[in-house]
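Take the numbering used here: the final residue in the sequence shown is number 504, and no numbers are missing along the way.
Only one structure is covered here, and it is reproduced in the block below.
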Amino acid sequence: MRVKPATLKDYPFPLAPLDQQKRIVAEIEKQFSRLDEAVANLKRVKANLKRYKAAVLQAAVEGRLVETEAEIARREDCSYETGAQLLQRILETRRSQWLARANKAGGKGKGKYKEPAVPDTTDLPELPEGWVWATLGMILSDIEAGKSFKCEERPPMKDEIGVVKVSAVTWGEFDESESKTCRDKRLVNEKLLVRSGDFLFSRANTIELVGACVIAKKVISNVMLSDKILRFRLLSGLEQWVLYNLRSTFGREEIERLATGNQESMRNIGQDRIRAIRIPLPPLDECKRIVADIERRFSLVGETEGQINANLKRAERLRQSTLHVMFKWGNSAAHSKHATSHC
Numbered sequence: 162m163r164v165k166p167a168t169l170k171d172y173p174f175p176l177a178p179l180d181q182q183k184r185i186v187a188e189i190e191k192q193f194s195r196l197d198e199a200v201a202n203l204k205r206v207k208a209n210l211k212r213y214k215a216a217v218l219q220a221a222v223e224g225r226l227v228e229t230e231a232e233i234a235r236r237e238d239c240s241y242e243t244g245a246q247l248l249q250r251i252l253e254t255r256r257s258q259w260l261a262r263a264n265k266a267g268g269k270g271k272g273k274y275k276e277p278a279v280p281d282t283t284d285l286p287e288l289p290e291g292w293v294w295a296t297l298g299m300i301l302s303d304i305e306a307g308k309s310f311k312c313e314e315r316p317p318m319k320d321e322i323g324v325v326k327v328s329a330v331t332w333g334e335f336d337e338s339e340s341k342t343c344r345d346k347r348l349v350n351e352k353l354l355v356r357s358g359d360f361l362f363s364r365a366n367t368i369e370l371v372g373a374c375v376i377a378k379k380v381i382s383n384v385m386l387s388d389k390i391l392r393f394r395l396l397s398g399l400e401q402w403v404l405y406n407l408r409s410t411f412g413r414e415e416i417e418r419l420a421t422g423n424q425e426s427m428r429n430i431g432q433d434r435i436r437a438i439r440i441p442l443p444p445l446d447e448c449k450r451i452v453a454d455i456e457r458r459f460s461l462v463g464e465t466e467g468q469i470n471a472n473l474k475r476a477e478r479l480r481q482s483t484l485h486v487m488f489k490w491g492n493s494a495a496h497s498k499h500a501t502s503h504c
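Here you go:
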């Protein structure tokens, strides 16, 4: 948008006497200084909340957030299913599901069942009692990917089909509006439509954002997976546990360790490397208690962040209203002085 010089030249501008101008400017600067200090404090609190969330996730994956099942078992003199036992049960389920799919397909095209690779734990810290190291491949039953093809760069309308972009999973929540429209109905595959509850993972992005993941809470639009947005099928209801692990400092380090690419602007992590991501696995009941505690804490943080964002917007409105009031007051004062001099 442009403003013509002639428009500015003819624009009426109230001009107060010089001493009045100085008082107005001094008052504006005083009010703006207070606002700047308040805004800086709000941003400082916001940054501290971000660090707190990271600390919560790190404590969670290290077994320091809630009482462990081992501690409970000792106190109550009872037994529990360990992480190792849970992992063994998951592996048995994984194998049986694979065999069921192979039998359904008549044994064609499936080959021989391949056991997932065990994690190399030589450089990993010791886990709490009852926990075990696993790889993501051990607890995944499948990874699904879409395809890349030409689309219109706009979100789909109600009766259209879209394809999600990497930005749909970048900022912590699934944003289905970050999608493009597929105009060729021959390319539509209903099996690739994103559904509520899907675990989505970005296999390509910058080094800071590759591996960004979300659980789609509520999907209204018809949007398909792309070649860069993968869907994980996880076993034993471990979606939330895996999500928080991959978002933790340790999880980010694992993703960045396994991602490939020479340029900082774009990194990629292939499916074999995704399956090699190492992850700590507690007993299932402990997983559930940890997830519940994380969500309780994050809910409180979310409320505080909402208040901070509202106050930041309020501060910006106050800045504008301060200018409006000061210039209105200055102009009124100048007119009053001018009228008095004529009496």
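Note that the Cβ used here is the ideal one computed from N, Cα and C, for glycine as well.
Item, Value
"Integer-rounded CB distance, given that Leu288 should sit under 8 Å from Pro441", "6 Å"
"Cut-off 6 Å between Cβ atoms - residues of its own chain near Arg394, not counting five sequence neighbours on either side", "Ser302 and Asp303"
"CA-to-CA distance, Asp359 to Lys346, given in whole angstroms", "23 Å"
"Secondary structure of Ala495, DSSP reduced to three states", "Residue placement at Ala495 cannot be trusted, given a pLDDT of 48 that sits under 50; the coordinates are not used to answer."
"Contact the segment 362 to 372 vs the segment 271 to 290: 3+ CB pairs below 8 Å", "no"
"Where Met385 sits in the DSSP three-state scheme", "strand"
"Sub-7 Å separation of Val380 and Val349 beta-carbons", "no"
"Member of Thr410, Gly323, Ile300 and Gln219 whose CA lies at the smallest distance from the CA of Arg255", "Ile300"
"Proximity of Glu337 and Ser309 at Cβ, strictly below 7 Å", "no"
"DSSP-derived helix/strand/coil call for Ala261", "helix"
"Cβ pair Ala476, Val200 closer than 7 Å", "yes"
"Close Cβ partners of Val325 (< 6 Å) along its chain, the five nearest in sequence each way excluded", "Ser340, Val384, Ser387 and Ile390"
"Bounding residues of the beta strand (DSSP E) (the contiguous stretch that carries Glu305)", "Leu301 to Ala306"
"Nearest residue (CA-CA) to Ile376, options Leu370, Pro173 and Val403", "Val403"
"Identity of the residues DSSP links to Gly267 by a beta bridge", "Answer is none; Gly267 lacks a bridge partner."
"Among Ala306, Ala187 and Gln401, nearest to Val327 - alpha-carbon criterion", "Ala306"
"The segment 413 to 428 contacting the segment 174 to 185, beta-carbon criterion three pairs below 8 Å", "no"
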